[in-house]
Amino acid sequence: MSGERENEFGNKEGTVLDNEDREVEGFGEENYSVQKDGETIMSNKRMKEMSIDRLSALPDGILLHILSFLSFDLKETAVTSVLSKRWQFLWSELPELNFRDHSWDVGKTRDFVSWVNRTIILRSGSYLKKFEVYFLYDECYALDVNVWVRFAVKNNVKELSLSLHSGIYIYTLPQVLYSSSSLTCLWLQRCIVAPQLKIEWPCLTRLAFKDVELHDDVIQEILLGCPVLSRLELLHCWGFKRLDANSESLHELMVYESKDKSKIDLLEISAPCIRSLVVSFSPVEKKLQLLNVQSLVTADIHFTVCDDSLEVVYTTLELLQKLQHAEELILGGLFVEVLSRLVLHGWRLPQSKHNCLALETSRDMESIPGILGLLESSPLLNTLLIESVDSYEEPFRAWVPAAKNDLECDLLNLKTVRLLDFADPNHAGEPMLTIARTLLKRATTLEKMKIKALGSLTEFASEFTSMSEMVLSYPRSSEKAVVGLRP
């Protein structure tokens, strides 16, 4: 066990022998005695041995439960093998085996693979809830990973995660994995998915692919083989141009566009039962077309790249039209910047039924017209969250009032507003001040406005004081409005 433990009797109840006695008893081995009322109690070493013996006498199930609190990284749990023979291999029987190696050293990776193999050999139990591997993959380890996958499937694993990191090599999944009645959660990274037989994952509820080439027919095979799948994640994958997610059980879909690999300029998503949709892509390189998404409750759309082209304009307006019924809309990346350009060029955003609006945007004047345009098109809005994605390391720039800095209508249903990191000390608090002033003026039923500045703003005490005084001086159309501003 790491570290030396202080005498548990302390100075209140007992007195530790003097330094000379410590040396005689062997202080370096924690073998010194403790006295209470002139009577020797017991040596620390003996007390420790008795504690370990009592713990070791507990049933395996209880001991494994105790060890499970250390099982985030199996290397930490394996340290308990030094306690006694009773504990020597107990850690290998944990129901959750998490193997992680973050090293980029070839030698350390080789040792890591050998350690995983030894652990599998040591294990005698059959119940396996989770098997996770995270390491730098090389094609020379393909046979080893095959053994791990077969071991997991044979032991009826419920959650399997293969996070294989490599800029060159891709691992080919063994056919045995495509038929597993126990799997409930599967994460695959840098793998080749090429089933030769029918996929059978009858209990799988969550499936995630990262850096994987997936074609339309393979995705359809996967969806057909997962009758109870509720969440699908396609992160930086490529090769597909249409997602027909027609399963009634599939309620969550996440798609992150792959960089530099996808040559497809159109992605169609048909998901009639999807309730939560997250998509991150570049409207410059690809058009996103949503079909049959009438069940959407939450939509989260991020633009990674944008320009002033008509293609981007039409894609943006079409997306807003398709998402207008969603109760919660989250927009990030460069989406708000595109909206600002549309508003300033006279475009009107489609009316929506959003109850909650969350925006991630830059902290500059270009973001204001887009924010105000969204507010004008959301008459049912109840909650607004705006969060900045900038840092405070930008050079000073003169603040120029935004071309659009007020609303054309009142916000009759807005009750809660949160502005996070949206005050720039270089701009004396803008653009937060403009947004706060407008909302306090137009939100007739506002109850709460919370403004939080980035922690480093404490370095600008005078600016923060000025901002606070300014916000509190703004007229409010709602008598119930409570405003709080803190760094």
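Letter by letter, the sequence shown follows residues 1 to 487 of full-length UniProt numbering.
For every residue, glycine included, the Cβ atom is placed at its ideal position computed from N, Cα and C.
Going by beta carbons, residue 485 and residue 451 fall inside the 9 Å limit. Secondary structure at residue 289: strand, using DSSP grouped into helix, strand and coil.
Rounded to whole angstroms, the gap between the alpha carbons of residue 481 and residue 445 is 8 Å. Following the DSSP letters along the chain, one finds residue 256 inside the beta strand (DSSP E) bounded by residues 252-257.
Between residue 218 and residue 193, the C-beta spacing is below 9 Å. Counting the other Cβ atoms within 10 Å of the Cβ of residue 198 gives fewer than 16, which makes it exposed. Residue 345 counts as exposed, since fewer than 16 other C-beta atoms from the protein chains shown sit within 10 angstroms of its C-beta. When the five nearest sequence neighbours on each side are left out, the beta carbons in the same chain lying within less than 7 Å of the beta carbon of residue 242 are those of 216 and 268, in order along the chain. Residue 104 counts as exposed, since fewer than 16 other beta carbons sit within 10 angstroms of its beta carbon. For residue 233, the secondary structure class from DSSP, reduced to helix, strand or coil, is strand. Apart from the 5 residues on each side of it in sequence, residue 442 sits with its Cβ closer than 6 Å to the Cβ of 407, 410 and 411 in its chain, given in chain order.
The beta carbon of residue 470 is closer than 7 Å to those of 429 and 433 in its chain, skipping five residues each way along the sequence.
For residue 300, the enclosing beta strand (DSSP E) begins and ends at 298-303. With distances taken between CA atoms, residue 448 lies nearest to 382 out of 365, 382 and 390. Within the same chain, 162, 163, 164, 165, 209, 210, 211 and 212 come within 8 Å of residue 189 by CB-CB distance, once the 5 residues on both sides are set aside. A direct Cα-Cα distance of roughly 13 Å separates residue 182 from residue 151.
Only buried fits residue 404, as 16 or more other CB atoms lie within 10 angstroms of its CB. If you draw a 10 Å sphere on the C-beta of residue 307, you find fewer than 16 other C-beta atoms in it, and that means exposed. In the three-state scheme derived from DSSP, where H, G and I count as helix and E and B as strand, residue 265 is classed as coil.
When rounded, the separation of the alpha-carbon atoms in residue 173 and residue 149 is 9 Å.
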